[in-house]
Amino acid sequence: MGRIMVIGVSAGVGKSTFARRLGDILDIDVHHLDRFYWISDWVEAPFEDFLAAQKQVLTHDKWIMEGNYGNSIDLRLKHAETIIYLELPLRVCLYRVVKRYLSFRGKTRPDIGEGCHEKLDWPFLKFIITTYYSRKKKMKNRFAEIKSNEPDKVIVILDSKPKIEGYLLNRKE
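The sequence shown begins at 919 in the working numbering and counts up one residue at a time.
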């Protein structure tokens, strides 16, 4: 388990925190896609630069890449040995997004581009609410396809807080 993708159903599901904890346990560098995608003051990086940053990470023997970004997920899927998917209830994701905003308001999180001060607005909340169930269904279908086409890939679905904690605890042993 050296090339790991951490993805999730939604913002607020805990991808960054999980990846950081897993990276500490396994002693593998963690790369947050938000750091590649967002440059100062919430400006999107050029897509070519976003892809180039990911491709650079993919040259390493071991890595954990965290984030969804459907526009480049196939690139990471092609190289990943393990895919860890986090899925918690919508209410938990929304609660965590609000909590994150309150915790980091006026500051930049360590897993996002420099100068991107934490923000929260209705379009982002609406995006989470309106895409949650369709993303859940899409991921279920995608995993079935991966299992069919690439049976050697390890897919780990963690759909509760106890399963997430248990998974991390078992990696320590």
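No residue lacks a Cβ here, since even glycine has one placed at the ideal position from N, Cα and C.
(request) Within its chain, find whatever has a CB closer than 7 Å to the CB of Arg953; leave out the 5 residues flanking it on each side and keep chain order. (result) Taking the first residue of the sequence shown as 1, we reach residue 953 at position 35. Here the set comprises Asp1029, Ile1030, Gly1031.
(request) Count the other C-beta atoms from every protein chain shown that fall within 10 angstroms of the C-beta of Ala1062, then say buried if there are 16 or more, exposed otherwise. (result) Within the sequence shown, numbered from 1, the residue matching residue 1062 stands at position 144. Exposed, by the Cβ-count rule.
(message) Taking the straight line between their C-alpha atoms, what separation do you get for Tyr1113 and Thr977?
(response) Any question about residue 1113 goes unanswered here, given that the chain covers just 919 to 1091.
(request) Note the first and the last residue of the continuous alpha helix (DSSP H) segment covering Trp1040. (result) Numbered from 1 along the sequence shown, position 122 holds the residue referred to as residue 1040. DSSP places Trp1040 in the uninterrupted alpha helix (DSSP H) bounded by 1040-1067.
(message) Helix, strand or coil, according to DSSP, for Gly926 in the structure here?
(response) As a position in the sequence shown, residue 926 is number 8, starting the count at 1. The answer is strand: DSSP assigns Gly926 an E or B state.
(request) With DSSP as the reference, label Thr935 as helix, strand or coil. (result) Taking the sequence shown and counting its residues from 1, the one referred to as residue 935 is at position 17. It is helical.
(request) Using beta-carbon positions only, say whether Asp1077 and Glu1005 come within less than 8 Å of one another. (result) The sequence position of residue 1077 within the sequence shown is 159, counting from 1. The sequence position of residue 1005 within the sequence shown is 87, counting from 1. It is a contact, given that the beta carbons lie within the stated cut-off.
(request) Please go through the region 1005-1033 and give each complete alpha helix (DSSP H) segment of 4 or more residues, from N-terminal end onward. (result) Taking only runs of at least 4 residues, the alpha helix (DSSP H) segments lying wholly in the region 1005-1033 are 1008-1022.
(request) Report the three-state DSSP secondary structure of Ile978 (helix, strand or coil). (result) Mapped onto the sequence shown, residue 978 falls at position 60. Note that residue 978 is His in the sequence shown here, rather than Ile. Coil at His978, not helix or strand.
(message) Excluding the 5 residues flanking Leu940 on each side, which residues of the same chain have their C-beta closer than 8 Å to its C-beta?
(response) What you label residue 940 is simply residue 22 of the sequence shown in a count that begins at 1. Cβ within range, chain order: Ile922, Val924, Ile946, Val948, Ile982, Ile1002, Leu1086, Arg1089.
(request) Tell me whether the beta-carbon of Glu1036 lies closer than 8 Å to the beta-carbon of Lys1025. (result) One-based indexing of the sequence shown puts residue 1036 at position 118. One-based indexing of the sequence shown puts residue 1025 at position 107. Going by C-beta atoms, Glu1036 is nearer than 8 Å to Lys1025.
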